[in-house]
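Here is the structure we will look at, set down as C-alpha cells.
Protein chains: 2
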Amino acid sequence: MLPRLVSSAIHRSIRIPPPAFLAVLYGVLIAAGTALLMLPGATTQPIGWSDALFTATSAVTVTGLSVVDTGGGFTGFGQAIVLALIQLGGLGLMTFAVLVLSLLGLPVGLPHRIILREDLNQTSVGDLLRLVKAIFRTVLVCELVGTGLLAFVFVPEAGWRTGLWQALFHAVSAFNNAGFALFPDSMTRWAGNPLVNLTVPALIVIGGIGFSVLSDLRKMRGWRALSLHSKLMLVGTAGLIVWAFAAFAVLEWTNPQTLGALPGVPERLMASWFQAVTTRTAGFNTVDIAGLHDPTALMFMLLMVIGGGSTSTAGGIKVTTFIVLILATVAFFKRRSALRAFGRSIGLEEVLKVLALAMVSLLVVMAALFLVTGTHDGDFLALAFEVTSAFGTVGLSRGATGDLDELGRAVIVAVMFIGRVGPLTLGFFLATRMPPRTRYPSARVFLG
Amino acid sequence: MLPRLVSSAIHRSIRIPPPAFLAVLYGVLIAAGTALLMLPGATTQPIGWSDALFTATSAVTVTGLSVVDTGGGFTGFGQAIVLALIQLGGLGLMTFAVLVLSLLGLPVGLPHRIILREDLNQTSVGDLLRLVKAIFRTVLVCELVGTGLLAFVFVPEAGWRTGLWQALFHAVSAFNNAGFALFPDSMTRWAGNPLVNLTVPALIVIGGIGFSVLSDLRKMRGWRALSLHSKLMLVGTAGLIVWAFAAFAVLEWTNPQTLGALPGVPERLMASWFQAVTTRTAGFNTVDIAGLHDPTALMFMLLMVIGGGSTSTAGGIKVTTFIVLILATVAFFKRRSALRAFGRSIGLEEVLKVLALAMVSLLVVMAALFLVTGTHDGDFLALAFEVTSAFGTVGLSRGATGDLDELGRAVIVAVMFIGRVGPLTLGFFLATRMPPRTRYPSARVFLG
Ligand SMILES: [K+]
Ligand SMILES: [K+]
Chain A
0 MLPRLVSSAI HRSIRIPPPA FLAVLYGVLI AAGTALLMLP GATTQPIGWS
50 DALFTATSAV TVTGLSVVDT GGGFTGFGQA IVLALIQLGG LGLMTFAVLV
100 LSLLGLPVGL PHRIILREDL NQTSVGDLLR LVKAIFRTVL VCELVGTGLL
150 AFVFVPEAGW RTGLWQALFH AVSAFNNAGF ALFPDSMTRW AGNPLVNLTV
200 PALIVIGGIG FSVLSDLRKM RGWRALSLHS KLMLVGTAGL IVWAFAAFAV
250 LEWTNPQTLG ALPGVPERLM ASWFQAVTTR TAGFNTVDIA GLHDPTALMF
300 MLLMVIGGGS TSTAGGIKVT TFIVLILATV AFFKRRSALR AFGRSIGLEE
350 VLKVLALAMV SLLVVMAALF LVTGTHDGDF LALAFEVTSA FGTVGLSRGA
400 TGDLDELGRA VIVAVMFIGR VGPLTLGFFL ATRMPPRTRY PSARVFLG
Chain B
0 MLPRLVSSAI HRSIRIPPPA FLAVLYGVLI AAGTALLMLP GATTQPIGWS
50 DALFTATSAV TVTGLSVVDT GGGFTGFGQA IVLALIQLGG LGLMTFAVLV
100 LSLLGLPVGL PHRIILREDL NQTSVGDLLR LVKAIFRTVL VCELVGTGLL
150 AFVFVPEAGW RTGLWQALFH AVSAFNNAGF ALFPDSMTRW AGNPLVNLTV
200 PALIVIGGIG FSVLSDLRKM RGWRALSLHS KLMLVGTAGL IVWAFAAFAV
250 LEWTNPQTLG ALPGVPERLM ASWFQAVTTR TAGFNTVDIA GLHDPTALMF
300 MLLMVIGGGS TSTAGGIKVT TFIVLILATV AFFKRRSALR AFGRSIGLEE
350 VLKVLALAMV SLLVVMAALF LVTGTHDGDF LALAFEVTSA FGTVGLSRGA
400 TGDLDELGRA VIVAVMFIGR VGPLTLGFFL ATRMPPRTRY PSARVFLG
C-alpha cells in the first residue's frame, strides 16, 4: 500500500517539470536534515536554526563549508546525519528514488526515468536502470576500499572505534567530493602521509569524473572506443590536475604560510598534488587556504568554477563545459562552423548551452558577491573566494564563513543550492518557454 | 612623389593581415608619442621612459590612466602632444590614413578600404569613404561646440588663454572617451556644475555610441527605419545609463567619501548621472573612486568590461556584444535556434564570435590580474579594478596606478593596447587559420 502511494504521489508530482521536481526534492532533504541536526542528541552544544540549515545545505549540496566544527560540534549521531546527507546529496536523490522503487519490485516507469535523466544528464533513457545499479556497486566498492585503506592511518592514531568511524567518514566525504572533515584544519595534519595522499585523491577523482565515464571505462575497449565525452573528461581532468599541481607548487613553494611551512621536498610535492586534485570540487586541504598568495587564490577560484565531471558528485560548470568554451573560441578563430575534438564535431547548439550556462553562473556569482560585499566589511578577495567556493560546491574557505551574518549565510546557502541543482535549472525557472514562432528576417550587429 | 611612395608602402604592407597592420600602426604611434613626451620641453620635470611610454599608451588607447599629473607634470606643449595622441587614437589611425590619402587626391583603393573596414568594423566597403568624411565633420562640430560650452565654465575661472585651452582639452578628451583631465582630481571640482554635467556626458555619449549609429540617426527616418544595430545601441546605452544611475545613487547616497560628501540632493543626482555615463568607457569622475563601497566597485568593473559602441571611441567588449550574450542565454532557455531582437534574428555564428570575444577578454584580464597581484602586495580589489579599467580603456582608478613597478606598468600598458586594438585582434595572432577540412562525424558531450 505504502509503496503504491509513494509511486502514485511521485507520478502526480511529475506533471511539474523535472528540474523543478529535483529542486523541490533537494529542498525537502535539506529541510529534513536541518530538523534532524536540531535534535538535542546531534550536537555537543545547542545550535541555532541558521547553523543547522547552513550545515544541512552544505552537506546535501556536498559543499563542505561549515559554521559548526563537524568533529567537535556534532556528536557521533550528528556526524552520522551529516554523512547520510552527503551520501544522499552526492549520489543524487533520483538515483535513490529509482533504486528504492525497483528494490520494492515496482516497475520503473518512464516518468521516473525522465527525472533521472535530468539528474544524471543522460540522453539514452533505456540504459538508466543499469547505470543506477552500476553506480550503487561502484559507490559501495570505492567507499569500502577507501575506508579500509584510511583505517590503516586512523585506527593506530585513534583506536578501533573512533579510527574506523573517521576512516568511513572521510572515505564517503572524499568519494562524494563533499570536503567535510572531522578535524578542524581539514586534512592538514596528514599533509605528509603518503596513504592519505593516495587514497583521498583517488576517491575524489573516481567520484568526480562522472559515472558515464566510469561505465565507459569498465567496458575495457581501449582508448579509441571511448566516447568523445569520456576522452574529453580524461584528458581534461589530467590536464587540469597537472596544470594545478605545477602552478600551485611554483607559486607557493616558499610561502611560509603554506608549502614553505612543510619540512621537505616530498611533503611539498605531496601537498601540491593533494591540492591540485581537491581544489576543483572536493574541498579538502592540507595547507592553510587563508595563507595562499593572491594569484594562487585567483587560480583556485578559476578551478572551483570549472569543477568536475557531469553525472558525478562534483560541482562547477563542469570540465566538459570549460573545454567546449575553449573549443568554441578556437573554432571562431579558425573560421569553422563546428567545434572539433578527437575526430568528432560538436554542433553550434551546444555552444548556446555552454554560453547560457556560463552567463547564468556569472549572474549567480556576481549577484551573490554583490550582496555579500554590500553587507560585510570583510576582505573582498576572501568574500569572492567564499562565494566561488559555494557556487562550485567546493568548500574551501579563506575564513569568511565565520564572519557571515544571517543575510550572508542565506546568500551562501542559496548559492550552494543553485551550484548543486545546476545553474541551468535556475535558468529554467527564470525563463518561460514560448512556442516556436515564424522565423524573423536576419540582421547583423557589429560586435567587439 | 612622396604620396605615391606612401601609397605604395601601404600597398606593400597590406600583404600582412589588416588586424596585424592596425596593431603595428598603433604601436608606431605609441612609440612616436613616447619619444615626443621625452622631449625636455614637454614636461615641467624630467620623466623616465616608463612614464612617457605609459602616458603615450594611455593617450593613444584613450584610456586615461596616468602616472604623471597631466595638468601639473606636462607643459602646454606636452599637453598638446597628449591631446594629439588622444585625437589620433580615438578616431582610429585608419580613418586618418584614408582621409590624408583622399585629401592628396590619391585614389582610395580597395586595400585601404579593407583596412578601414577592420578598424571601423563595417561590412559594406562602398560606404566607407563617405562615412569617414562624415566622421570628420561630426568630430569637428562636436568638439567645437563642446569647447564653446565648456569655455563658459573655464574662462571665468582661469582667464581666456588657460580657460580656452582647458575647454578644448576636456572637450576633445570627452568626445574621444579618453578621460584625461588637466585637474589632478579629474572633474571633482565641477561635481555641482550643471553645464559641465550636461556638456561632458553629451560628448561622451555621442563619441561612444558609434559612428554607424550617428549616421543612421542623421537620416532622420524614424525609429522603425533604424538598423537593428542602432536600435540595440540606443536601447542598450539608455538602459545601462539608467541602471548605473539608479544603482550608483542607491549604493553611494550616504557614503561620506563619495555622494555623501556633496552638499545637496541636486549635486548628488548630478554626480550619479555623470558617473553613470562616464564609467563604461570615458573615465572622468566627480567623486572619489577609491572611496566607493566594494559592491559599487564591482558594478563599475562590470560596466567597464561592457564598454561602449562598436565603430566608436569607446572600449570594452561593447554594448552589442553584451546584449548578444544576454539574447543568446534567453534563446537557449526558450529553446530557439536563433537570437531575436526588434523583429530581427541574429544567427548562431554571431554567438560564436561573442563567445570567443568574451573568452579572450577573460583570458587577458585574468592573466594580467595574475601577473599584477603576483608582483604587488596591494589591495586585490584595487588591482582588479585597475586591470579592468585598462582593459575597457576607461581610466578610472582606485589609486593602484601609482603603486605599480616597471613590470606592473608593462602589464597595464599591454592590457590597454589589447583593449584598444581589440581582443579579437589578439586572438587573430594567437590562432593560425586552417583551410576548411572535411566534416567530422558529430558527437555529444554532457555539459553542466
Ligand atoms: K565539496
Ligand atoms: K577612457
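Residue numbers (numbering that gives the first Met the number 0), protein chains in the order written: chain A, 0 to 447; chain B, 0 to 447. Backbone N, C-alpha and C define an ideal beta-carbon position, used for all residues, glycine too.
{"Asked": "Distance cut-off 7 Å: B:V276 Cβ against heavy atoms of ligand 2", "Found": "no"}
{"Asked": "Buried versus exposed call for A:W222 [16 or more other C-beta atoms within 10 Å across all chains shown]", "Found": "exposed"}
{"Asked": "Integer Cβ distance of A:S453 from A:I288, believed to fall under 8 Å", "Found": "Residue 453 of chain A falls outside the range modelled here, since chain A spans only 0 to 447, and no answer is possible."}
{"Asked": "Lining residues of ligand 1 - beta-carbon closer than 7 Å to any non-hydrogen atom, in sequence order", "Found": "A:V61, A:T62, A:G63, A:N176, A:A177, A:G178, A:T280, A:A281, A:G282, A:G314, A:T392, A:V393 and A:G394"}
{"Asked": "For B:I345, the three-state DSSP class (helix, strand or coil)", "Found": "strand"}
{"Asked": "Under 8 Å (Cβ pairs) to chain A, residues found in the stretch 195–220 of chain B", "Found": "G209 and S211"}
{"Asked": "is_contact[B:D293, chain A] using C-beta, thresh 8 Å", "Found": "yes"}
{"Asked": "Interface partners of A:G373 on chain B, CB under 8 Å", "Found": "L250, H292, D293 and P294"}
{"Asked": "Short CB-CB distance (under 8 Å) between B:A355 and chain A", "Found": "yes"}
{"Asked": "Residue-chain proximity (A:V234, chain B), Cβ-Cβ < 8 Å", "Found": "no"}
{"Asked": "Below-8 Å beta-carbon distance, B:E385 vs any chain A residue", "Found": "no"}
{"Asked": "Neighbouring residues, chain A, relative to B:A289 (Cβ below 9 Å)", "Found": "What B:A289 touches in chain A: nothing, since even the nearest Cβ is about 13 Å away."}
{"Asked": "Three-state class that DSSP yields for B:A340 in the structure shown", "Found": "strand"}
{"Asked": "A:L90, buried or exposed, once every other Cβ within 10 Å from all chains shown has been counted against 16", "Found": "buried"}
{"Asked": "Which of helix, strand or coil DSSP assigns to B:T42", "Found": "strand"}
{"Asked": "Minimum Cβ-Cβ distance from A:M358 to chain B less than 8 Å", "Found": "yes"}
{"Asked": "Residue closest to B:P422, alpha-carbon to alpha-carbon, out of B:T312, B:F153, B:R408 and B:L362", "Found": "B:L362"}
{"Asked": "Straight-line gap, B:N254 to B:S271 (C-alpha atoms, nearest Å)", "Found": "13 Å"}
{"Asked": "Pairwise C-alpha distance: B:A170 and B:A177", "Found": "10 Å"}
{"Asked": "C-alpha distance - B:T236 paired with B:F321, whole-angstrom precision", "Found": "11 Å"}
{"Asked": "Nearest-angstrom Cα separation, counted from B:Q274 out to B:E266", "Found": "12 Å"}
{"Asked": "DSSP three-state assignment for B:F73, whether helix, strand or coil", "Found": "strand"}
{"Asked": "is_contact[A:M37, chain B] using C-beta, thresh 8 Å", "Found": "no"}
{"Asked": "At least three beta-carbon pairs within less than 8 Å, the stretch 285–300 of chain A to the stretch 372–383 of chain B", "Found": "yes"}
{"Asked": "For B:V393, the first and last residue of its enclosing alpha helix (DSSP H)", "Found": "Looking at the DSSP string, B:V393 is not in any alpha helix (DSSP H), and its letter there is neither H nor E."}
{"Asked": "Chain A contact for B:M365 (CB, 8 Å cutoff)", "Found": "yes"}
{"Asked": "Under the three-state DSSP convention, the category B:N487 falls into", "Found": "Residue 487 of chain B cannot be examined here, being either before or after the span of chain B that is shown, 0 to 447."}
{"Asked": "Proximity below 8 Å, CB of A:V393 to CB of A:G314", "Found": "yes"}
{"Asked": "Where A:I208 sits in the DSSP three-state scheme", "Found": "coil"}
{"Asked": "Straight-line Cα distance separating B:G282 from B:G206", "Found": "13 Å"}
{"Asked": "CB contact check: B:N176 to chain A, cutoff 8 Å", "Found": "no"}
{"Asked": "Outcome for A:L194 when other beta-carbon atoms lying within 10 angstroms are tallied against a minimum of 16", "Found": "exposed"}
{"Asked": "Simplified DSSP state of B:V138, which is helix, strand or coil", "Found": "helix"}
{"Asked": "Inter-residue Cα distance where the pair is A:G162 and A:T54", "Found": "23 Å"}
{"Asked": "Secondary structure of A:R419, DSSP reduced to three states", "Found": "helix"}
{"Asked": "Span of the alpha helix (DSSP H), counted from its first residue to its last, around A:S226", "Found": "Note, A:S226: premise wrong, no alpha helix (DSSP H); not H, not E."}
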